[in-house]
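Taking it in order: structure first as structure tokens, then the write-up.
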Amino acid sequence: MHKSYSFVNTFSVAFQHLKYLHLVSLQKDGYRMPKENLFPVTNLVRSSIIRQHCFNESLIGGMEDWDLWMKLANNGYWGYTIREILFWYRIKPPDQRWEHISIDSNKAKAKMIERMTVLYPKVYTQGLPVIHQPQVIDFV
Numbered sequence: 001m002h003k004s005y006s007f008v009n010t011f012s013v014a015f016q017h018l019k020y021l022h023l024v025s026l027q028k029d030g031y032r033m034p035k036e037n038l039f040p041v042t043n044l045v046r047s048s049i050i051r052q053h054c055f056n057e058s059l060i061g062g063m064e065d066w067d068l069w070m071k072l073a074n075n076g077y078w079g080y081t082i083r084e085i086l087f088w089y090r091i092k093p094p095d096q097r098w099e100h101i102s103i104d105s106n107k108a109k110a111k112m113i114e115r116m117t118v119l120y121p122k123v124y125t126q127g128l129p130v131i132h133q134p135q136v137i138d139f140v
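Residue numbering for the sequence shown follows full-length UniProt numbering, beginning at 1 and increasing consecutively.
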């Protein structure tokens with residue numbers, strides 16, 4: 001991972017209950033993150049950063065990954081999406097999910113945004129961190 005990135009993720013394929021290609025990237029779609037939980041939890045995060053800004057253990061109703069991305073952004077950390085399908089994401093039917101997860105609820109989403117607006121004001125007032133893309137050198 002290039003030193004200018006705090007974390008990386010990849011494109012993914014959803015399978016089982018829902019089937020779709022998830023071709024959303026931090027570079028192109030990241031601006032939507034303050035209002036939408038765009039990415040599966042699977043990311044490669046620098047250990048020094050995750051030790052300093054770990055998951056909020058009190059969030060047991062889902063969306064804790066979204067909270068982490070906003071916490072990192074609020075502290076000046078941002079990432080990059082590898083534009084290749086490297087992750088397969090199983091989506092279980094609603095009746096097979098944990099009972100306490102309410103991520104499909106618009107009410108829960110609105111409550112989460114309200115909470116993050118207070119906790120991570122830089123993201124909501126100044127925007128996401130700007131990461132300068134490293135120059136790619138083609139050796140071929």
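Cβ coordinates follow ideal geometry from the N, Cα and C atoms, glycine included. Predicted model, so just to flag it, every value in this text is computed and none were measured.
Got a sec? Which residues, its chain only, sit under 6 Å from residue i by beta carbon, not counting five neighbours each side?
i: H17; result: I91, K92, P93
i: V24; result: L38
i: R51; result: none
Since residue i and residue j are thought to touch, with beta carbons under 8 Å apart, how far apart are those beta carbons, to the nearest angstrom?
i: T42; j: F87; result: 5 Å
i: I85; j: T10; result: 7 Å
i: W78; j: L128; result: 6 Å
i: D29; j: L21; result: At roughly 14 Å, the Cβ-Cβ gap does not stay under 8 Å, so D29 and L21 are not in contact.
i: M70; j: Y120; result: 5 Å
Any idea what DSSP makes of residue i, helix, strand or coil?
i: T10; result: strand
i: Y5; result: coil
i: A128; result: Note that residue 128 corresponds to Leu in the displayed sequence, not to Ala. In this structure, L128 counts as coil in the three-state DSSP scheme.
i: L18; result: coil
i: L44; result: strand
i: G30; result: helix
i: L23; result: coil
i: Q133; result: coil
i: L68; result: helix
By Cβ distance, which residues of its chain are closer than 8 Å to residue i, with the 5 residues on each side in sequence left out?
i: F15; result: W88, Y89, R90, I91
i: residue 168; result: Within the shown structure, residues of the chain are numbered from 1 to 140, placing residue 168 beyond reach of any answer.
i: H53; result: L68, K71, L72, N75, Y77
What does the Cβ neighbour count give for residue i, buried or exposed, with the cut at 16 atoms within 10 Å?
i: N74; result: buried
i: S4; result: exposed
i: N125; result: Contrary to the premise, residue 125 reads as Thr rather than Asn in this sequence. Classification of T125: exposed, given that the 10 Å Cβ count is below 16.
i: M1; result: exposed
i: S105; result: exposed
For residue i, which residues of its own chain have a beta-carbon under 7 Å away from its beta-carbon, when the five flanking residues on both sides are left out?
i: F55; result: E64, L68
i: residue 141; result: What the structure shows of the chain is the stretch from 1 to 140, and residue 141 is not part of that stretch, so it cannot be assessed.
Quick one: does the C-beta of residue i sit closer than 7 Å to a heavy atom of the ligand ADP?
i: G79; result: As for the ligand ADP, it is missing from this structure, which has no ligand bound.
Secondary structure, alpha helix (DSSP H): runs of 4+ residues fully inside the region 75–122
106–119
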